[in-house]
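Just below is one structure, and these are the notes that go with it.
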Amino acid sequence: QVQLQESGPGLVKPSQTLSLTCTVSGDSISGGYYWTWIRQHPGKGLEWIGYIYYSGSTYYRPSLRSRATISLDTSNNQFSLKLSFVTAADTAMYFCARVSGHSGYGDYWGQGTLVTVSS
Amino acid sequence: QSVLTQPPSVSGAPGQRVTISCTGSSSNIGAGYDVHWYQQLPGTAPKLLIYGNRNRPSGVPDRFSGSKSGTSASLAITGLQAEDEADYYCQSYDSSLSNSGVLFGGGTKLTVL
Numbered sequence: 010q011v012q013l014q015e016s017g018p019g020l021v022k023p024s025q026t027l028s029l030t031c032t033v034s035g036d037s038i039s040g041g042y043y044w045t046w047i048r049q050h051p052g053k054g055l056e057w058i059g060y061i062y063y064s065g066s067t068y069y070r071p072s073l074r075s076r077a078t079i080s081l082d083t084s085n086n087q088f089s090l091k092l093s094f095v096t097a098a099d100t101a102m103y104f105c106a107r108v109s110g111h112s113g114y115g116d117y118w119g120q121g122t123l124v125t126v127s128s
Numbered sequence: 002q003s004v005l006t007q008p009p010s011v012s013g014a015p016g017q018r019v020t021i022s023c024t025g026s027s028s029n030i031g032a033g034y035d036v037h038w039y040q041q042l043p044g045t046a047p048k049l050l051i052y053g054n055r056n057r058p059s060g061v062p063d064r065f066s067g068s069k070s071g072t073s074a075s076l077a078i079t080g081l082q083a084e085d086e087a088d089y090y091c092q093s094y095d096s097s098l099s100n101s102g103v104l105f106g107g108g109t110k111l112t113v114l
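Here the protein sequences line up with chains A and B, keeping their order.
Under the numbering used here, the first residue of the first sequence carries the number 10, and numbering increases by one thereafter.
Under the numbering used here, the first residue of the second sequence carries the number 2, and numbering increases by one thereafter.
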């Protein structure tokens, strides 16, 4: 059974960098999927942040492209998100997911981790 | 405002049929990209409900069905049950310069009366 688990600080100060890691079990991140970050602002809908293909190619939401970086750690079967220069508008639940195909669907999701941006 | 438009809320009595629409444009659904649907219960991660416009993952009841036509898609739920009360999201892909990438609809809250 494929499982994903997000981890990282729950509180980040404004202007700093948010760093999250998604640990994957039951599948190899080198196996051909798009490893994805999605967030959900409190009480709002889902927002795609970006994904990384197993080859290392990355794709980002246009509005976040200048601040987001997604990377793979194949030795630990993890992938990560870094979001720089955060503001209160980045406070959200962050989910990692496995997506099948460039325009595909998320078939496995992590439970999510809440990140609050506050001084 | 989401590029994929869903009604904010729908409701129905137990046993009834409800539909949730997802309206896009020529750069996403109308361009031939697949539509997928998710169910999100309160406090949980989204769960894949329909993929590839009309396919159900293993374990999803056949009360849930999806369709797509032109620049829109729909999720239908028949035999409504109390446990279906949740938020539902459509998802597709957009190829325009300003919105390129994965898109989600704004979500629809289903209330079972």
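The beta carbon of each residue, even a glycine, is placed where N, CA and C say it ideally should be.
| Asked | Found |
| --- | --- |
| Cα-Cα separation, Gly119 of chain A to Cys31 of chain A | 8 Å |
| Members of the stretch 107–121 of chain A near chain B, C-beta cut-off 9 Å | Val108, Ser109, Gly110, His111, Ser112, Gly113, Tyr114, Gly115, Asp116, Tyr117, Trp118, Gly119, Gln120 and Gly121 |
| Residue span of the beta strand (DSSP E) that contains Lys69 of chain B, given as start and end | Phe65 to Ser70 |
| Simplified DSSP state of Glu15 of chain A, which is helix, strand or coil | strand |
| Closer than 9 Å at the beta carbon, the chain A residues around Leu49 of chain B | Tyr114, Gly115, Asp116, Tyr117 and Trp118 |
| Local conformation of Leu73 of chain A per DSSP, three classes | helix |
| Span separating the alpha-carbon of Gly121 of chain A from that of Asp99 of chain A | 15 Å |
| CB contact below 8 Å: Pro71 of chain A versus chain B | yes |
| Closer than 8 Å to chain A by CB, Asn100 of chain B | yes |
| Own chain, CB closer than 6 Å to Ser9 of chain A, minus 5 neighbours either side, in chain order | Residue 9 of chain A cannot be examined here, being either before or after the span of chain A that is shown, 10 to 128. |
| Collapsed DSSP secondary structure at Ile38 of chain A in the structure displayed | coil |
| Within 8 Å of chain A by C-beta, residues of the stretch 44–73 of chain B in sequence order | Thr45, Ala46, Pro47, Lys48, Leu49, Tyr52, Gly53 and Pro58 |
| For Asn56 of chain B, the residue or residues it bridges with in DSSP | B:Tyr52 |
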